[in-house]
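Please read the structure below before turning to the comments.
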Amino acid sequence: MAISDPEQAFRQTGWAGLRARLFHLYFLLRRPMTLGVRGLIHHRASNSVLLIHHTYVPGWQLPGGGVEVGETLGEALVRELAEEGNIALTAAPVLRSMHFNRRSSRRDHVAFYVIEAFSQTAPKLPDHEIAEAGFFPLDRLPEGTTPATLRRINEVFGGEQPSPYW
């Protein structure tokens, strides 16, 4: 039986929808989760990886950052690689693993991608966010490479099992 009275329809279905929205808002405010992406850009010919050094945190790390509202993981990855490394993907990246980043917060997770199909028209120049960026051979990573970056590199190239933690 169809309901033709909008007020009656709201009484029957609207309260559940409103309640669901309120619960969603409560959980968003009470337990917000953050999500980030990182990419390991591997240049096969030189067996090197792209690392960046931010202006606001110490150490060399893989490029990446937060997923914005309304953005997919893939869109965030493409944006971050362009911003931080002047990198454009030429094929789909491979989602390697997901990690809980407990050092950032109790609700932060990072999607980790491996990228071997890419282009870089020019090296990334320093700006307000990136102090330095460059490709480093796997056997000559810069001093100050972060522990999380070293773990991801060892998982990809050293055959180690991916850690659930960033």
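Residue numbers (numbering that gives the first Met the number 0): 0 to 165. A virtual CB, placed ideally from N, CA and C, is assigned to each residue, including glycine.
For Thr54 and Leu124, the rounded distance between their alpha carbons
As a first step, residue 124 must be located in the sequence shown, where it is residue number 125. As a first step, residue 54 must be located in the sequence shown, where it is residue number 55. Between Leu124 and Thr54, the C-alpha separation is close to 13 angstroms.
Which stretch, first to last residue, makes up the alpha helix (DSSP H) that contains Ile86?
Here residue 86 refers to the residue found at position 87 when the sequence shown is read from its first residue. Taken as a continuous stretch (DSSP letters only), Ile86 belongs to no alpha helix (DSSP H), as it is neither H nor E.
Just verifying my parser: in three-state terms, what is the DSSP assignment at Met0?
What you label residue 0 is simply residue 1 of the sequence shown in a count that begins at 1. Residue confidence for Met0 is low, a pLDDT of 45 falling below 50, so the modelled location carries little weight; the figure read from the coordinates is stated next. The answer is coil: DSSP assigns Met0 none of H, G, I, E or B.
With H, G and I counted as helix, E and B as strand and the rest as coil, what does DSSP make of Val36?
Your numbering for residue 36 matches position 37 in the sequence shown. Val36: strand per DSSP, three-state reduction.
Of the listed residues Thr120, Pro31, Leu39, nearest to Glu154 (C-alpha basis):
Along the sequence shown, read from residue 1 onward, the residue named residue 154 stands at position 155. Of Thr120, Pro31, Leu39, the residue nearest in Cα terms is Leu39.
Beta-carbon within less than 6 angstroms of His52's beta-carbon, same chain only, minus the 5 sequence neighbours each way: which residues are those?
Residue numbering aside, residue 52 sits at position 53 when the sequence shown is read from its first letter. If we look at His52 and ignore the five residues flanking it on each side, its Cβ neighbours are Trp59, Ala130, Glu131.
Would you call the region 109 to 120 and the region 80 to 89 in contact, with 3 or more CB pairs under 8 angstroms?
Judged by Cβ distances under 8 angstroms, the region 109 to 120 makes contact with the region 80 to 89, as three or more pairs qualify.
Outcome for Glu67 when other beta-carbon atoms lying within 10 angstroms are tallied against a minimum of 16
In the sequence shown, the residue the question calls residue 67 occupies position 68. Exposed: under 16 other Cβ atoms inside 10 Å.
Please state whether the Cβ-Cβ distance between Leu76 and Tyr112 is less than 8 angstroms.
Translated into the one-based positions of the sequence shown, residue 76 becomes position 77. Translated into the one-based positions of the sequence shown, residue 112 becomes position 113. Going by C-beta atoms, Leu76 is nearer than 8 angstroms to Tyr112.
Pick out whichever of Phe99, Leu80, Ser103 has its Cα sitting closest to the Cα of Pro92.
Within the sequence shown, numbered from 1, the residue matching residue 92 stands at position 93. Comparing C-alpha distances from Pro92 to each of Phe99, Leu80, Ser103 shows the shortest one belongs to Leu80.
Looking at the secondary structure, which residues open and close the beta strand (DSSP E) in which Val113 lies?
Here residue 113 corresponds to residue number 114 of the sequence shown, with the count starting at 1. Val113 -> beta strand (DSSP E) spans 107 to 114.
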